[in-house]
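Here's the structure we're looking at; comments come further down.
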Amino acid sequence: RRRHRWLTSLVYFGGRAAAYPLSSPMSVHALRLLPGDDMVQSLLDHCQANELTSACVLTCVGSLGSVTLRMAAAQEVVTLTEELEIISLVGTVCADREHHLHCSVSRRDGSVIGGHCKGPAPIRTTAEVMLGVMPSLTFAREHDTSTGYKELQIRQST
């Protein structure tokens, strides 16, 4: 019989890994984006206008006219300019418009492609976005020497 080991999430607090999760109550901002709105810029604009410092995309459905994606471990980007259904949008938005968003879209033939959202992503018909906001936390993206990238830092708000 196999035993499963449940691990506590590691949260970076003050530059050190903490073996306990930081928590916060959550409120939800329900957004509907309109044709021509840029998906990523609209989310960033909403967060900035409402002074949100810790948000995550809970769900998103809708369609895009185009999207630019960067695949895993790639430097180049892929731009799709066609009718696309949003299958998934996930990620975090921090203070100062810093963000890390991944998107999966389906093409007319049903094939799916996804990656890191880069560049414009104009809404084709609509996008229904539920944004989770955690007021007791502050998100920041800071350089992590172990990865070489800006990574999410989570702190209790003061």
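In mature numbering (1 follows the signal peptide of the UniProt record, and there is no 0), the protein residues as written are -19 to -1, 1 to 139.
We put the beta carbon where it would ideally sit given N, CA and C, even for glycine.
Values in this document were obtained by computation on a predicted structure and should not be read as measured data.
- Contact between S47 and T107 does not hold, since their C-beta atoms are separated by about 16 Å, which reaches or exceeds 8 Å.
- In this structure the segment 49 to 59 touches the segment 92 to 105; the number of beta carbon pairs closer than 8 Å is three or more.
- Between the C-alpha atoms of S69 and V86 there is a straight-line separation of about 7 Å.
- Secondary structure of D26 (DSSP, three-state): helix.
- In this structure, L12 places its C-beta atom within 7 Å of the C-beta atom of V110.
- Inter-segment contact for the segment 116 to 129 and the segment 30 to 42 is present: three or more beta-carbon pairs are separated by less than 8 Å.
- Annotated three-state conformation of M111 is strand, per DSSP.
- About 15 Å separates the Cβ atoms of V21 and L61, ruling out a contact at the 8 Å cut-off.
- According to DSSP, residue pairing for T60 in a beta bridge involves T49.
- With contacts defined by Cβ atoms closer than 7 Å, I67 and C41 form a contacting pair.
- When DSSP reads this structure, P103 sits in a beta bridge with D19.
- With respect to L39, G113 sits close: the two C-beta atoms are nearer than 7 Å.
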